[in-house]
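Peer 1: FYI, the numbering for the sequence shown is 1 to 360, going by the UniProt record's numbering.
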Amino acid sequence: MTHLNKIPETYTTRWNTHSGAINSPASRSLSTQTRKYNTSCDRCRKSRVKCSGGIPCRRCASSSGSPCVYSPSQRRGKKRACTNNGLSASNEVPSLEITPSDLGMGAFNLEIEPTVEPQNIDPNLFNDLLGFDQTLPSHDVELISGASGSANSPSLTEIVDALDSQPPSFCLKPISKCPKACYADIHDMSGIVDAIMKNPGQTPLDEILSLFQSVFHQSAQYLACQNCDTGCLRYINLVMLHQRQVSLLSELAEDPREYLRGDTTHTTLGGFQTSKQDDIAMKQLIVRHATRDVILSVNADHESATGFQERSIAGTLDLSDTGKLNVKWLVEVSENLRRTLEHVKVLLEKDDWTTKLLDA
Numbered sequence: 001m002t003h004l005n006k007i008p009e010t011y012t013t014r015w016n017t018h019s020g021a022i023n024s025p026a027s028r029s030l031s032t033q034t035r036k037y038n039t040s041c042d043r044c045r046k047s048r049v050k051c052s053g054g055i056p057c058r059r060c061a062s063s064s065g066s067p068c069v070y071s072p073s074q075r076r077g078k079k080r081a082c083t084n085n086g087l088s089a090s091n092e093v094p095s096l097e098i099t100p101s102d103l104g105m106g107a108f109n110l111e112i113e114p115t116v117e118p119q120n121i122d123p124n125l126f127n128d129l130l131g132f133d134q135t136l137p138s139h140d141v142e143l144i145s146g147a148s149g150s151a152n153s154p155s156l157t158e159i160v161d162a163l164d165s166q167p168p169s170f171c172l173k174p175i176s177k178c179p180k181a182c183y184a185d186i187h188d189m190s191g192i193v194d195a196i197m198k199n200p201g202q203t204p205l206d207e208i209l210s211l212f213q214s215v216f217h218q219s220a221q222y223l224a225c226q227n228c229d230t231g232c233l234r235y236i237n238l239v240m241l242h243q244r245q246v247s248l249l250s251e252l253a254e255d256p257r258e259y260l261r262g263d264t265t266h267t268t269l270g271g272f273q274t275s276k277q278d279d280i281a282m283k284q285l286i287v288r289h290a291t292r293d294v295i296l297s298v299n300a301d302h303e304s305a306t307g308f309q310e311r312s313i314a315g316t317l318d319l320s321d322t323g324k325l326n327v328k329w330l331v332e333v334s335e336n337l338r339r340t341l342e343h344v345k346v347l348l349e350k351d352d353w354t355t356k357l358l359d360a
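What follows is the structure, encoded as structure tokens:
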């Protein structure tokens, strides 16, 4: 047992170590006010990142959104009975007792540097505008699941739970809510394309073309949005949307009768009404132009995915095995979509596309 009057001054805080005052009301009142505080502020603890310490810490100082607050520590240490100097267990003051383990950790120094916790994310990552050039610790990268068959092909939600943010992402920039709701629009459009494919012939061609035009512009906005980093795993959702677009175009090119059997739209030029054959030819041309726009979007997917892959190979982007699988999936899917779109272009350039509709 370490006697109170032999505690080194470096391990005491603001209480009075005079033995005669230990059992006095003033001493007990003072000891109850002496609290140990967490060495990391509440914001850093919630985000599970290393806190630099100080008030404010570096992370809170760089953000004016919330104050830098240190909550009292919930750790109380072991209570040890005291039989020396006539002190009973009922009169002991646990906050004044020190164990060897406490001395080793410097538990009574409120100004000590925060202990480095293993597998934490460097807070500098959240202040780096180029986020992806930094290294993501293996603990967090491994939360990214495998890369085959998710809603964004892999299951990608665990890292969100680790970082207390949404939606899933391995981007190292702070995830903030996009004011333009780019991600939500991409998700909704993907669902609409899926519904069209499940109910062929129920959607007029003009609505399909309008949807494809909206997807083209929304995809470009998503890739350019500063709040929707293309490095995020949410980016896989965009590729899934393009997969469904290409599937719909493939079916439309191979057998337009299935989707256009109930189409009542007609091409007009001012007051001029085209013939049925010319009307179908114009629709074929417009579908080819829609395919061109999808090709541009898929090429942007491929360029971004190969960029991640090249940086990983060059060593400027540190990815775990699961992260590499995710990037590999993006590259392979975009390459397959490009090949499929080349086939669609060939089909739409044939005259029998018009003939199939004329015979319907």
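From the three backbone atoms N, C-alpha and C, an ideal C-beta is built for every residue, glycine too.
Bear in mind the structure is a predicted one, so any value in this text is a computation, not a measurement.
Just to check my reading of the structure: residue 341 and residue 294 have Cβ atoms closer than 8 Å, yes? What is that Cβ distance to the nearest angstrom?
Peer 2: Working through the sequence shown from its first residue, we reach residue 341 at position 341. Working through the sequence shown from its first residue, we reach residue 294 at position 294. About 6 Å separates the two Cβ atoms, so the contact holds.
Peer 1: Verify whether the separation of the beta carbon atoms of residue 197 and residue 251 is less than 9 Å.
Peer 2: On the sequence shown, position 197 is the one that residue 197 refers to. On the sequence shown, position 251 is the one that residue 251 refers to. Yes, these two residues count as a Cβ contact at 9 Å.
Peer 1: If you drop the 5 nearest sequence neighbours on each side, which residues of the same chain put their C-beta closer than 8 Å to that of residue 190?
Peer 2: Here residue 190 refers to the residue found at position 190 of the sequence shown. Excluding positions up to five away in sequence, the list reads 237, 240, 241 and 244.
Peer 1: For the alpha helix (DSSP H) holding residue 288, just list the boundary residues, first then last.
Peer 2: Reading the sequence shown from its first residue, position 288 is the one you call residue 288. Segment 276-314, the alpha helix (DSSP H) holding residue 288.
Peer 1: Within 10 Å of its beta-carbon, does residue 199 have 16 or more other beta-carbons around it, so buried, or fewer, so exposed?
Peer 2: In the sequence shown, the residue the question calls residue 199 occupies position 199. Answer is exposed; the Cβ neighbour count stays below 16.
Peer 1: Would you kindly check if the distance between the Cβ of residue 359 and the Cβ of residue 265 is under 9 Å?
Peer 2: By 1-based counting over the sequence shown, the position of residue 265 is 265. By 1-based counting over the sequence shown, the position of residue 359 is 359. Contact: no.
Peer 1: Mapping DSSP to helix, strand and coil, what is residue 255?
Peer 2: Residue 255 sits at position 255 when you count from the first residue of the sequence shown. Residue 255: coil per DSSP, three-state reduction.
Peer 1: Just how far apart, CA to CA, sit residue 186 and residue 217?
Peer 2: In the sequence shown, counting from the first residue as 1, residue 186 sits at position 186. In the sequence shown, counting from the first residue as 1, residue 217 sits at position 217. When rounded, the distance between both Cα atoms is 11 Å.
Peer 1: Under the DSSP definition of a beta bridge, which residues are partnered with residue 272?
Peer 2: The sequence position of residue 272 within the sequence shown is 272, counting from 1. 269.
Peer 1: Do the CB positions of residue 389 and residue 304 come within less than 9 Å of each other?
Peer 2: The question about residue 389 has no answer, for the chain in this structure spans 1 to 360.
Peer 1: Residue 349: buried (16+ other C-beta within 10 angstroms of its C-beta) or exposed?
Peer 2: Position 349 of the sequence shown, counting from 1, holds the residue named residue 349. By the neighbour-count rule (16 or more Cβ atoms within 10 Å), residue 349 is not buried but exposed.
Peer 1: Tell me whether the beta-carbon of residue 282 lies closer than 9 Å to the beta-carbon of residue 274.
Peer 2: The count along the sequence shown starts at 1 and reaches residue 282 at position 282. The count along the sequence shown starts at 1 and reaches residue 274 at position 274. The answer is yes: Cβ separation under 9 Å.
Peer 1: Answer with buried or exposed for residue 222, where buried requires no fewer than 16 other C-beta atoms within 10 angstroms of its C-beta.
Peer 2: Along the sequence shown, read from residue 1 onward, the residue named residue 222 stands at position 222. It counts as buried.
Peer 1: Could you check how far apart the C-beta atoms of residue 211 and residue 192 are, in whole angstroms? I think they sit under 8 Å.
Peer 2: For the purposes of this step, residue 211 is taken as the residue at position 211 of the sequence shown. For the purposes of this step, residue 192 is taken as the residue at position 192 of the sequence shown. Going by Cβ atoms, the distance from residue 211 to residue 192 rounds to 6 Å, so yes, they are a contact pair.
Peer 1: Mind pulling the alpha helix (DSSP H) runs of 4 or more residues that sit fully within the UniProt domain "Zn(2)-C6 fungal-type" (40-70)?
Peer 2: 42-47 and 58-61, all fully within the UniProt domain "Zn(2)-C6 fungal-type" (40-70).
Peer 1: Do you know whose CA, among 256, 267 and 39, lies nearest residue 203's CA?
Peer 2: Position 203 of the sequence shown, counted from the start, is the residue given in the question as residue 203. It is 256 whose Cα lies nearest to the Cα of residue 203.
Peer 1: By Cβ distance below 8 Å, which residues in the same chain neighbour residue 201 in space, the five residues on each side in sequence not counted?
Peer 2: Looking up residue 201 in the sequence shown gives position 201. Same-chain partners within the cutoff: 258, 259, 260, 261 and 262.
Peer 1: Where does residue 318 sit, in a helix, a strand or coil, going by DSSP?
Peer 2: In the sequence shown, residue 318 corresponds to position 318, counting from 1. Strand, per DSSP.
Peer 1: By a C-beta neighbour count over all protein chains shown, 10 Å radius and 16 as the cutoff for buried, is residue 321 buried or exposed?
Peer 2: Along the sequence shown, read from residue 1 onward, the residue named residue 321 stands at position 321. With fewer than 16 other Cβ atoms within 10 Å, it is exposed.
Peer 1: Do you know how far the Cα of residue 45 is from the Cα of residue 166?
Peer 2: Translated into the one-based positions of the sequence shown, residue 166 becomes position 166. Translated into the one-based positions of the sequence shown, residue 45 becomes position 45. Low local confidence applies: a pLDDT of 35 at residue 166 is under 50, so the model's placement there is unreliable, with the coordinate-based value given in what follows. Whole-angstrom Cα-Cα distance: 18 Å.
Peer 1: Have a look at the DSSP bridge pairing and note the partners of residue 72.
Peer 2: Position 72 of the sequence shown, counting from 1, holds the residue named residue 72. In the DSSP output, where bridge partners are listed per residue, residue 72 has 37.
Peer 1: Check the Cβ-Cβ distances between residue 179 and every residue of chain C, and say whether any is below 9 Å.
Peer 2: Note that chain C does not occur in the displayed structure, where there is just one protein chain.
Peer 1: If I'm right that residue 280 touches residue 347 with Cβ under 8 Å, what's the distance once you round it to whole angstroms?
Peer 2: Residue numbering aside, residue 280 sits at position 280 when the sequence shown is read from its first letter. Residue numbering aside, residue 347 sits at position 347 when the sequence shown is read from its first letter. No, residue 280 and residue 347 are not in contact; Cβ-Cβ is about 15 Å, not under 8 Å.
Peer 1: For residue 354 and residue 226, what's the separation of their Cα atoms in angstroms?
Peer 2: Position 354 of the sequence shown holds residue 354. Position 226 of the sequence shown holds residue 226. Straight-line Cα distance between these residues: approximately 43 Å.
Peer 1: Smallest Cα separation from residue 194: which of 267, 219, 220 and 246?
Peer 2: Stepping through the sequence shown from its first residue, residue 194 is reached at position 194. Closest option to residue 194, Cα to Cα, is 246.
Peer 1: Helix, strand or coil for residue 340, going by three-state DSSP, please let me know.
Peer 2: Reading the sequence shown from its first residue, position 340 is the one you call residue 340. It is helical.
Peer 1: Can you give me the C-alpha to C-alpha distance between residue 344 and residue 269, rounded to a whole angstrom?
Peer 2: Here residue 344 is taken as the residue at index 344 of the sequence shown, counted from 1. Here residue 269 is taken as the residue at index 269 of the sequence shown, counted from 1. So the alpha carbons of these two residues sit roughly 28 Å apart.
Peer 1: Roughly how many angstroms separate the alpha carbons of residue 184 and residue 312, rounded to a whole number?
Peer 2: Walking along the sequence shown from the start, residue 184 turns up at place 184. Walking along the sequence shown from the start, residue 312 turns up at place 312. Near 29 Å, if we compare the C-alpha coordinates of residue 312 and residue 184.
Peer 1: Anyone know if the C-beta pair for residue 43 and residue 58 falls short of 9 Å?
Peer 2: Within the sequence shown, residue 43 is the residue found at index 43, counting from 1. Within the sequence shown, residue 58 is the residue found at index 58, counting from 1. Not in contact: residue 43 and residue 58 (Cβ atoms no closer than 9 Å).
Peer 1: So is residue 302 buried or exposed if we call it buried at 16+ other beta carbons inside 10 Å?
Peer 2: As a first step, residue 302 must be located in the sequence shown, where it is residue number 302. When all chains shown are included, residue 302 counts as buried.
Peer 1: Report back the beta-carbon spacing between residue 337 and residue 327 to the nearest angstrom; my notes put them in contact at under 8 Å.
Peer 2: As a first step, residue 337 is located in the sequence shown; it is residue number 337 there, counting from the start. As a first step, residue 327 is located in the sequence shown; it is residue number 327 there, counting from the start. About 16 Å separates the two Cβ atoms, so there is no contact after all.
Peer 1: Would you report the Cα separation of residue 325 and residue 300, rounded to the nearest angstrom?
Peer 2: In the sequence shown, the residue the question calls residue 325 occupies position 325. In the sequence shown, the residue the question calls residue 300 occupies position 300. Between residue 325 and residue 300, the C-alpha separation is close to 20 Å.
Peer 1: Comparing alpha-carbon positions, which option in 316, 306 and 180 lies nearest residue 335?
Peer 2: Residue mapping note: residue 335 aligns to position 335 of the sequence shown, counting from 1. Taking only the C-alpha atoms, the option nearest residue 335 is 306.
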